[in-house]
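Visitor:
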Amino acid sequence: MRKILVLAAVAAGIAGSAQAADITGAGATFPFPIYSKWAEAYKKDTGIGLNYQSIGSGGGIRQIKAKTVAFGATDAPLKGEDLTKDGLIQFPTVMGGVVPAVNIAGIEPGKLKLSGEIIAQIYLGDIKKWNDPKIVALNAGVTLPDANINPVYRSDGSGTTFVFTDYLSKVSPDWKSKIGTNQSVQWPVGIGGKGNEGVSASVKQVANSIGYVEYAYAKQNKLAHALVKNADGNFPAPEEKAFQAAAANANWQEQPGFGISLNNQKGAEAWPITSATFILVHAKPEKPEDVQSALKFFDWTYKSGDKLASELDYVALPANVKDQVRAAWKGVTDTAGKPIF
Amino acid sequence: MTSIPGAAPIVRRTPKAGFDLFFRNASFAAALFVLVLLAGIMLSMVVGGWPAFREFGLGFITSSVWDTQNDQYGAWPAIVGTLSTALIALLIGVPLSLGIAVYLTQLAPPWFKRPVATAIELLAAVPSIIYGMWGLFVFAPLFAAYVQIPLSNIVEGIPIVGTVLYSRSPSGLGIFTAGIILAFMIVPFIASITRDMLEQIPSVLRESAYGIGATTWEVVRHVLVPQAGVSIIGAVMLGLGRALGETMAVTFVVGNANRLSSSILDPGSTIASRIANEFNEAMGLQLNSLIALGCILFFVTFVVLVIARLLVSRVKRY
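Residue numbers (our numbering), protein chains in the order written: chain U, 1 to 341; chain Z, 1001 to 1318.
1) Could you round the C-beta distance between Ile1181 (chain Z) and Gly1239 (chain Z) to whole angstroms and report it? I think they count as a contact, below 8 Å.
2) What is the DSSP secondary structure of Leu1293 (chain Z), reduced to helix, strand or coil?
3) Using the Cβ count rule (16 or more neighbours within 10 Å means buried), how would you classify Leu227 (chain U)?
4) With 16 as the cutoff for other CB atoms within 10 Å, does Trp1111 (chain Z) come out buried or exposed?
5) Starting from Gly106 (chain U), find everything on chain Z with Cβ-Cβ shorter than 8 Å and list it in chain order.
6) Report, in whole angstroms, the separation of the C-beta atoms of Gly25 (chain U) and Tyr42 (chain U), which I expect to be a contact under 8 Å.
7) Are Thr1062 (chain Z) and Trp1050 (chain Z) closer than 9 Å when you measure CB to CB?
8) If you count every other CB in all the chains shown that lies within 10 Å of the CB of His282 (chain U), and 16 or more means buried, which is it?
9) Grouping DSSP H, G and I as helix and E and B as strand, with all else coil, what is Ala270 (chain U)?
10) Counting pairs of beta carbons, one from the stretch 1294 to 1307 of chain Z and one from the stretch 1269 to 1278 of chain Z, are three or more of them closer than 8 Å?
11) Pop quiz: Gly80 (chain U) and Pro256 (chain U) are said to be a contact at Cβ under 8 Å. What is the actual Cβ separation, rounded to whole angstroms?
12) Could you check whether the Cβ of Ser1269 (chain Z) sits closer than 9 Å to any Cβ belonging to chain U?
13) What residues in its chain sit with their C-beta under 6 Å from that of Leu168 (chain U), if we drop five residues either side in the sequence?
14) What are the start and end residues of the beta strand (DSSP E) that includes Ile1130 (chain Z)?
15) For the stretch 50 to 100 of chain U, list the alpha helix (DSSP H) runs that are entirely contained and at least 4 residues long, ordered along the chain.
16) Looking only at its chain, what residues have a beta carbon closer than 6 Å to the beta carbon of Thr1247 (chain Z), apart from the 5 residues adjacent to it on each side?
17) Going by alpha carbons, who is nearest to Gly1048 (chain Z) out of Z:Ile1291, Z:Val1304, Z:Leu1305 and Z:Arg1314?
18) With DSSP as the reference, label Ala26 (chain U) as helix, strand or coil.
19) For Ala231 (chain U), which of U:Ser177, U:Val206 and U:Lys170 has the nearest alpha-carbon?
20) Which word fits Val10 (chain U), buried or exposed, when buried means at least 16 other C-beta atoms lie within 10 angstroms of its C-beta?
21) Hey, is Lys1016 (chain Z)'s beta-carbon within less than 9 Å of any beta-carbon in chain U?
22) May I have the straight-line CA-CA distance separating Val98 (chain U) from Ala294 (chain U), to the nearest angstrom?
23) Give the straight-line distance between the Cα atoms of Gln324 (chain U) and Asp86 (chain U), rounded to the nearest whole angstrom.
24) Please name the residue, chosen from U:Val321, U:Trp271, U:Glu214 and U:Pro236, that lies closest to Leu312 (chain U) on a Cα-to-Cα basis.
25) Do the CB positions of Leu138 (chain U) and Lys111 (chain U) come within less than 9 Å of each other?
26) Would you report the Cα separation of Phe297 (chain U) and Ala1257 (chain Z), rounded to the nearest angstrom?
27) Verify the CB distance criterion: does Ile340 (chain U) have a CB-CB separation below 9 Å to chain Z?
28) Does DSSP put Lys222 (chain U) in a helix, a strand or coil?
29) Could you say if the stretch 1078 to 1092 of chain Z and the stretch 1209 to 1226 of chain Z meet the contact criterion of at least three C-beta pairs nearer than 8 Å?
30) Can you check whether the C-beta of Ala245 (chain U) is within less than 9 Å of a C-beta belonging to chain Z?
31) Indicate the three-state DSSP secondary structure (helix, strand or coil) for Gly193 (chain U) in the structure shown.
32) Under the assumption that Gln183 (chain U) contacts Ser54 (chain U) (Cβ atoms under 8 Å), give the Cβ distance between them as a whole number of angstroms.
33) Does the beta carbon of Ala1069 (chain Z) sit closer than 9 Å to a beta carbon anywhere in chain U?
34) DSSP beta-bridge partners for Thr333 (chain U)?
35) For Glu1055 (chain Z), which of Z:Ser1044, Z:Met1283, Z:Gly1074 and Z:Ile1041 has the nearest alpha-carbon?
36) Three-state secondary structure (DSSP) at Thr1068 (chain Z)?
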């Protein structure tokens, strides 16, 4: 008799878990740690799991266009016309910053000051030595070595590179015309490391190097960061409130699908290289219930996910932006044209 | 044949024609499978890469621009990187492997043979990503500190030598480092095959050479190497195949710069490393160009194998 009860319980358990279908999503690698953390907590709350494949932003865009997943994720926002063409709705989930990491003997973390123009010239190969007059002028009282600068970049296509090159394009016309913004660009100088770990390994090992990594990564690996001059001419420390300041001062409605760049935003405390990561869903999905459960998941992350995000050094969206996103979800309709959220 | 009186007549087993035929066809099918598979891979690569070839024509091979921003793609730096890392790997790896093989078969005391032979086989079993990580975290910093930086200081400003051996960013990562790591990776293959081949040579050949007063060097040079020559070239070609196509380890240590530099100590890229780096995020023409790169790698490997065949047939004539 007890055996039968156990079997029945197991059967009920299987049936129960089969009922709550997993949400499927694929794309960007940058938010993968926080998405999986959120998914874990969400499953505990609701019993619904998330199956997120971090295959890269390009893959995420491919998959959502092919309609094989309920949502796609990308670090580089799609443009308005692309969203309209494919019938997609785009919204941000969480933000992060990109920080320059340096390795110069005798320079402590947070002591070296750089500006966007200088970083662009370093990566263009125009500034070759650390004791270049332009760098010295910004760093009164700091002794800089007479050594070649070794720039390090991400060799794999990545959202981090997109954010970094977007920032350089914003502050340096030279960069914009010669190199431009993309997930991988034609770097004129320097060495490429694969992934955040490849870049940080190179920066740690190579004397007189400079690289760029996600803030969460730099913090967890205790990389020596440099300060970057923001649009107001200040040098804020790269930390949560500086990223939030960048988000707070941005006009999120400026671009369709919230696809704005948070780079070089105004604000005394704003960190100049900041970015959100985005989700794509179909406006008229073939399986509305799948997208509905995805939207419910992201609604839950907006309500209860901020603390987890901050623990992993991601930055939550400002409350007013969350409300704007929820309003945008009204645009997702089922086959009868009724909003599903 | 005289039959033994009283014994039953010997019944000869007749060959079973049916099984023979089946065996013949089965092995033919197995051989055919390889050809079909190869043709299938080739075809899908050509089809996948076709948009890139159509867009850029011959320029895809000769151009050095790889600009995802403007959708302009050229394979030349990757082709040069692939060939030069493989060449460096052979230049270092082949003498090393032959030395190991000759020592193990001709000179080593028996107690030393087994551990070294086992170590070589273990080296062959190490996954390539381990070589890559070791190269990045251990070898590259040492190489930068003790070779690249001192060398750069010496050769700076000297014509030609100062260009080829000067490194603008002495990080320990680059074409030459990738070649060295590849050399370590192909040594186990070449060394163990060559060792097996040298051991196959009938000892009467060696003994007669020693008998007429030849030294060990002369025996190796005039008896063993000509005897095993074809197999040694085969082993080298196997190593070269690995060096040309190796992906993960090279991606870690080659420096991943898609540009041609005049110095072999500067970062570069290979066809395989470029594909590994960009495949995840590639779309449209970039994806086609990456597949086209794969197609070129296929072709390069094919040409190399043809050259190897020609070499082997030349050696056979002697």
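Even glycine gets a Cβ: it sits at the ideal position worked out from N, Cα and C. Note that the structure is predicted; figures quoted are calculated from it, not measured.
Guide: Per the coordinate set shown:
1) As a position in the second sequence, residue 1181 (chain Z) is number 181, starting the count at 1. As a position in the second sequence, residue 1239 (chain Z) is number 239, starting the count at 1. The beta carbons of Ile1181 (chain Z) and Gly1239 (chain Z) sit about 13 Å from each other, so the pair does not count as a contact at 8 Å.
2) Translated into the one-based positions of the second sequence, residue 1293 (chain Z) becomes position 293. For Leu1293 (chain Z), the three-state secondary structure derived from DSSP is helix.
3) Along the first sequence, one-based indexing puts residue 227 (chain U) at 227. Buried is the call here.
4) Along the second sequence, read from residue 1 onward, the residue named residue 1111 (chain Z) stands at position 111. By the 10 Å Cβ count, Trp1111 (chain Z) comes out exposed.
5) If you number the first sequence from 1, residue 106 (chain U) lands on position 106. Within chain Z, no residue comes near Gly106 (chain U); the closest Cβ sits about 18 Å away, beyond 8 Å.
6) Along the first sequence, one-based indexing puts residue 25 (chain U) at 25. Along the first sequence, one-based indexing puts residue 42 (chain U) at 42. With 8 Å as the limit, Gly25 (chain U) and Tyr42 (chain U) do not qualify as a contact, their Cβ atoms being about 12 Å apart.
7) By 1-based counting over the second sequence, the position of residue 1062 (chain Z) is 62. By 1-based counting over the second sequence, the position of residue 1050 (chain Z) is 50. Going by C-beta atoms, Thr1062 (chain Z) is not nearer than 9 Å to Trp1050 (chain Z).
8) Taking the first sequence and counting its residues from 1, one reaches residue 282 (chain U) at position 282. Under this definition His282 (chain U) is a buried residue.
9) Mapped onto the first sequence, residue 270 (chain U) falls at position 270. Coil.
10) Output reads yes: the stretch 1269 to 1278 of chain Z touches the stretch 1294 to 1307 of chain Z.
11) Indexing the first sequence from 1 puts residue 80 (chain U) at position 80. Indexing the first sequence from 1 puts residue 256 (chain U) at position 256. Between Pro256 (chain U) and Gly80 (chain U) the Cβ distance is about 3 Å, and since that is below 8 Å, they are a contact.
12) Position 269 of the second sequence, counted from the first residue, corresponds to residue 1269 (chain Z). Cβ-Cβ to chain U under 9 Å: yes for Ser1269 (chain Z).
13) Along the first sequence, read from residue 1 onward, the residue named residue 168 (chain U) stands at position 168. The residues are Ala120 and Trp175.
14) Here residue 1130 (chain Z) refers to the residue found at position 130 of the second sequence. For Ile1130 (chain Z), no beta strand (DSSP E) run applies; the uninterrupted alpha helix (DSSP H) run containing it begins and ends at Ser1128 to Trp1134, by DSSP.
15) Listed in chain order, the complete alpha helix (DSSP H) runs (minimum 4 residues) inside the stretch 50 to 100 of chain U are 57 to 65 and 80 to 86.
16) To locate residue 1247 (chain Z), count along the second sequence from 1; it is residue 247. Cβ within range, chain order: Ala1272 and Ala1276.
17) As a position in the second sequence, residue 1048 (chain Z) is number 48, starting the count at 1. Answer by Cα proximity: Z:Ile1291.
18) Against the first sequence, residue 26 (chain U) aligns to sequence position 26. Residue state, collapsed to three classes: strand.
19) As a first step, residue 231 (chain U) must be located in the first sequence, where it is residue number 231. Looking only at U:Ser177, U:Val206 and U:Lys170, the smallest Cα-Cα distance to Ala231 (chain U) is reached by U:Lys170.
20) Here residue 10 (chain U) is taken as the residue at index 10 of the first sequence, counted from 1. With a pLDDT of 48 at Val10 (chain U), under the threshold of 50, the predicted position of this residue should be treated as unreliable, though the coordinate-derived value follows. With fewer than 16 Cβ atoms within 10 Å of its Cβ, Val10 (chain U) is classed as exposed.
21) The count along the second sequence starts at 1 and reaches residue 1016 (chain Z) at position 16. Taking Cβ atoms only, chain U never reaches closer than 9 Å to Lys1016 (chain Z), which makes this a no.
22) Position 98 of the first sequence, counted from the first residue, corresponds to residue 98 (chain U). Position 294 of the first sequence, counted from the first residue, corresponds to residue 294 (chain U). C-alpha separation (whole angstroms): 28 Å.
23) Working through the first sequence from its first residue, we reach residue 324 (chain U) at position 324. Working through the first sequence from its first residue, we reach residue 86 (chain U) at position 86. Rounded to whole angstroms, the separation of the alpha carbons of Asp86 (chain U) and Gln324 (chain U) is 22 Å.
24) Translated into positions along the first sequence, residue 312 (chain U) becomes position 312. If you compare the alpha carbons of U:Val321, U:Trp271, U:Glu214 and U:Pro236 with that of Leu312 (chain U), the shortest gap goes to U:Glu214.
25) Counting from 1 along the first sequence, the entry for residue 138 (chain U) is found at position 138. Counting from 1 along the first sequence, the entry for residue 111 (chain U) is found at position 111. Cβ distance not < 9 Å, so Leu138 (chain U) and Lys111 (chain U) don't count as in contact.
26) Translated into positions along the first sequence, residue 297 (chain U) becomes position 297. Translated into positions along the second sequence, residue 1257 (chain Z) becomes position 257. For Phe297 (chain U) and Ala1257 (chain Z), the distance between alpha carbons rounds to 41 Å.
27) The residue given as residue 340 (chain U) occupies position 340 in the first sequence. Interface annotation, Ile340 (chain U): not in contact with chain Z, CB-CB separation never under 9 Å.
28) By 1-based counting over the first sequence, the position of residue 222 (chain U) is 222. In the structure shown, Lys222 (chain U) falls within a coil segment according to DSSP collapsed to helix, strand and coil.
29) Output reads no: the stretch 1209 to 1226 of chain Z does not touch the stretch 1078 to 1092 of chain Z.
30) Within the first sequence, the letter at position 245 stands for residue 245 (chain U). It does not; no Cβ of chain Z falls within 9 Å.
31) Your numbering for residue 193 (chain U) matches position 193 in the first sequence. Judged by DSSP in its simplified three-state form, Gly193 (chain U) adopts strand.
32) Your numbering for residue 183 (chain U) matches position 183 in the first sequence. Your numbering for residue 54 (chain U) matches position 54 in the first sequence. No, Gln183 (chain U) and Ser54 (chain U) are not in contact; Cβ-Cβ is about 15 Å, not under 8 Å.
33) On the second sequence, position 69 is the one that residue 1069 (chain Z) refers to. Checking the displayed sequence, the identity of residue 1069 (chain Z) turns out to be Gln instead of Ala. Judged by the 9 Å Cβ criterion, Gln1069 (chain Z) is in contact with chain U.
34) Your numbering for residue 333 (chain U) matches position 333 in the first sequence. When beta bridges are read from the DSSP output, Thr333 (chain U) appears opposite U:Pro339.
35) In the second sequence, residue 1055 (chain Z) corresponds to position 55, counting from 1. Of the candidates Z:Ser1044, Z:Met1283, Z:Gly1074 and Z:Ile1041, the one whose C-alpha sits nearest the C-alpha of Glu1055 (chain Z) is Z:Gly1074.
36) To locate residue 1068 (chain Z), count along the second sequence from 1; it is residue 68. In this structure, Thr1068 (chain Z) counts as coil in the three-state DSSP scheme.
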